Each structure stands twice: as structure tokens, then as C-alpha cells.
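Under this note's numbering, the residues of the sequence shown are numbered 141 to 414, in order. I have placed the structure first, in the form of C-alpha cells, so that the comments after it can refer back to it.
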Amino acid sequence: MYDKLFSVEGRIVAVTGGMGQLGRQFSLALLNRNARVAILDPAAEKEKLPEHFQAFKENNKLLLIITDVTKRESLEKALEIIVETWDEVPYGLINNAALDSPPSAALEETGPFEIFPPESWDRVMDVNVKGVFLACQVFGAEMAKSGRGSIINIGSTYGMVSPDHRIYEYKSENGGNPFFKPVVYSASKSALVNFTKYLAVYWGKSGVRTNLMVLGGVFNHQEQEFLDGYCSRVPMGRMAREDEYNGTVIYLMSDASSYVTGAAIILDGGWTAW
Ligand SMILES: NC(=O)c1ccc[n+]([C@@H]2O[C@H](COP(=O)([O-])OP(=O)(O)OC[C@H]3O[C@@H](n4cnc5c(N)ncnc54)[C@H](O)[C@@H]3O)[C@@H](O)[C@H]2O)c1
Numbered sequence: 141m142y143d144k145l146f147s148v149e150g151r152i153v154a155v156t157g158g159m160g161q162l163g164r165q166f167s168l169a170l171l172n173r174n175a176r177v178a179i180l181d182p183a184a185e186k187e188k189l190p191e192h193f194q195a196f197k198e199n200n201k202l203l204l205i206i207t208d209v210t211k212r213e214s215l216e217k218a219l220e221i222i223v224e225t226w227d228e229v230p231y232g233l234i235n236n237a238a239l240d241s242p243p244s245a246a247l248e249e250t251g252p253f254e255i256f257p258p259e260s261w262d263r264v265m266d267v268n269v270k271g272v273f274l275a276c277q278v279f280g281a282e283m284a285k286s287g288r289g290s291i292i293n294i295g296s297t298y299g300m301v302s303p304d305h306r307i308y309e310y311k312s313e314n315g316g317n318p319f320f321k322p323v324v325y326s327a328s329k330s331a332l333v334n335f336t337k338y339l340a341v342y343w344g345k346s347g348v349r350t351n352l353m354v355l356g357g358v359f360n361h362q363e364q365e366f367l368d369g370y371c372s373r374v375p376m377g378r379m380a381r382e383d384e385y386n387g388t389v390i391y392l393m394s395d396a397s398s399y400v401t402g403a404a405i406i407l408d409g410g411w412t413a414w
């Protein structure tokens, strides 16, 4: 009985932004546990996937579908391809696609709040919020009709508390431009907190559970000065490894979390604890 508790075997999970750093991790963790995965990403097929993904593709366990989450028709087409291929509505949806501005981002995206471009606001909100809304409309609705399913929205600590801009001060101290983590990223990720609760309530009796994973920063070979500043703010003293969120994905996609909905699970090494 307990062997099956964390099982995701045979479940179909759509992962938006699945070509990115974490999307690949989530996809591989699910595939390695015998789930079937559909990666929905504009970069699907354009980029070469690491070799260990190819075997899953050849064995009909992995679909790569070029999809833009900001377009309803694109999501509908992706759902159609999944159902045609596997003759089943997905069990899971991971709303992972998002736009962010890393420490190396263009100047206008990371300048002072007062001059943050409204066009950038729209572009990020379109993917990070409207994209999640549309994917839930298209996929979640079918999951609800099927009477089962799990939606995981991917949030950020910066949607729970403000970014600490002091950790970027080294940039101007080194003669560069002042860097501010963009307001739109925080606003978009905080929108998912209540969006998740809304859907958990709305689909409460349908069998579809909706939860939010609130992630802290992931190590990705960032500049040493950034790493020093970031890690000094984390009680655990380090960034996350890219595979450290997989356990929660498996938990939320399996029956181990059968009574969990509307939750915001904080995975941040303690960043928001002090
Ligand atoms: N990496 C981190 O440190 C970190 C920290 C906290 C939260 N997060 C969140 O985790 C998630 C994954 O982050 P990541 O670092 O892997 O990002 P990433 O930039 O590596 O990947 C994002 C993916 O989304 C895709 N994408 C962009 N626009 C899209 C669209 N319109 N439709 C579909 N897909 C689109 C991109 O092609 C890319 O493959 C994001 O929601 C991010 O906000 C990441």
C-alpha cells in the first residue's frame, strides 16, 4: 500500500516551460518514475534535449510540443495532441513557464522602479499570470470534467516578500548601473498565491487539487558576488540545487498529497523565515 503512496506511474503531466532549467528537472523526475510528460514550450524541438531524454521520447513517454502559454489556441492545440497521442486527458499540469530578469538582464529591465517600462510589465504579466490562467482554463477544465487531477503553480519567494535589493549593490559599487529585481516579477508571482487558492476552492469538489510551490533561488553559475550576497541571506547558507524541488513535485502529483489543496509550500532554505 505504502509503495504506491508516492506513485506517479502512468500519469500524464503537462509541464509548461519544460525546456528550461527547472522544467527539465521536473520532467525528468516524473519520467524516471514512469509518468508520461508533455513539455509545452516555444523552445520545444528547437533546442536539443540531453540524451537521456531521447529514450523517453522514442518510447512514447515524452512529447515535445511547441506551445505559447499566452495564446489559448496554442494551449488547445497542445491538449489535442496529448489526447490524440495517449487517448487520455492529462492528470497533471505544472505551470512553470515564466519570464524573469537574471542578474545579467538588460538595463531597462532592471533599472529603478520609477522608469520600469510598461511594455515589460505587460510582457511578463502575459506569460507569468495570463499564461497560468489560460493553461488552467484549457487543461484544468478538462481535468475537472475527468474528476481528478493536480495543478502545480510555480511561485517564488519574491512573490511572498520583496526582493532584497542590497544583494545587487555590488553592481553599482563595481562601477556598473544600479540593479533592481523588477517589480513585475514580484507582482506576477504574488498573483499566483491567491489564484492558487481561488482554483483550489473553485474546483474543490471536482477532484482537481491546486497548489503553489514557492521557490528560492537556484544555483546556475551566477557571479560570485551575487552568490555571496544571496547565500548570506539564506539560513541554510546556500542556493538550491536544481534537483531539490523534484521531491515536492512528485509529492503533489501523487496520492501522497490527496488532501492537500490551496497550499503554498515554501521551499527556500529558510529565506522567508527571518
Ligand atoms: N531558477 C530560479 O532560481 C527560480 C527561483 C524561483 C522561482 N523560479 C520559477 O521557476 C520556474 C522555472 O524557472 P527556470 O529558472 O527554470 O526558468 P528558465 O528561464 O530556465 O525556463 C523558462 C522556460 O519557459 C519557457 N517560456 C517562456 N515563455 C513561454 C511561453 N510564452 N510559453 C511557454 N513557455 C515559455 C522558456 O522557453 C523556458 O524554456 C519559473 O516559474 C520561475 O519563475 C525559478
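For each residue, glycine too, the CB sits at the ideal point set by N, CA and C. A quick note: this is a predicted structure, and the numbers were derived from the prediction, not measured.
Put simply, the backbone Cα of Lys321 is about 6 Å away from that of Thr250.
The segment 377-385 makes contact with the segment 163-176: 3 or more CB pairs, one atom from each, lie closer than 8 Å. Between Ile291 and Asn334 the beta-carbon gap is near 14 Å, outside 8 Å, which marks them as no contact. At the C-beta level, Thr401 and Val301 stay beyond 7 Å of one another.
Counting only unbroken stretches of 4 or more residues, the alpha helix (DSSP H) elements lying wholly within the segment 181-211 are 191-198, in sequence order. For Ile292, the enclosing beta strand (DSSP E) covers residues 289-296. Taking each of Gln277, Met265, Lys311 in turn and checking the Cα distance to Ala331, the smallest one comes out for Met265. The continuous alpha helix (DSSP H) containing Gly369 extends over residues 364-372. Less than 7 Å divides the Cβ of Arg212 from the Cβ of Leu274. Minimum Cα-Cα distance from Glu224 among the listed residues Ser244, Ile152, Gly295 corresponds to Ile152. Per DSSP, the continuous alpha helix (DSSP H) segment holding Leu170 begins and ends at 161-171. When C-beta atoms of the segment 244-261 are compared with those of the segment 166-181, fewer than three pairs fall below 8 Å, so the two segments do not count as touching.
About 6 Å separates the beta carbon of Met283 from that of Val229, a gap short enough to meet the 8 Å contact definition. With at least 16 other beta carbons inside 10 angstroms of its own, Asp181 counts as buried. Between ligand 1 and Ser296, a heavy atom-to-CB distance of less than 6 Å is present. In this structure, ligand 1 has no non-hydrogen atom nearer than 6 Å to the beta-carbon of Leu215. Per DSSP, the unbroken beta strand (DSSP E) holding Leu233 starts and ends at 232-235.
Residue range 323-342 is occupied by the alpha helix (DSSP H) that includes Leu339.
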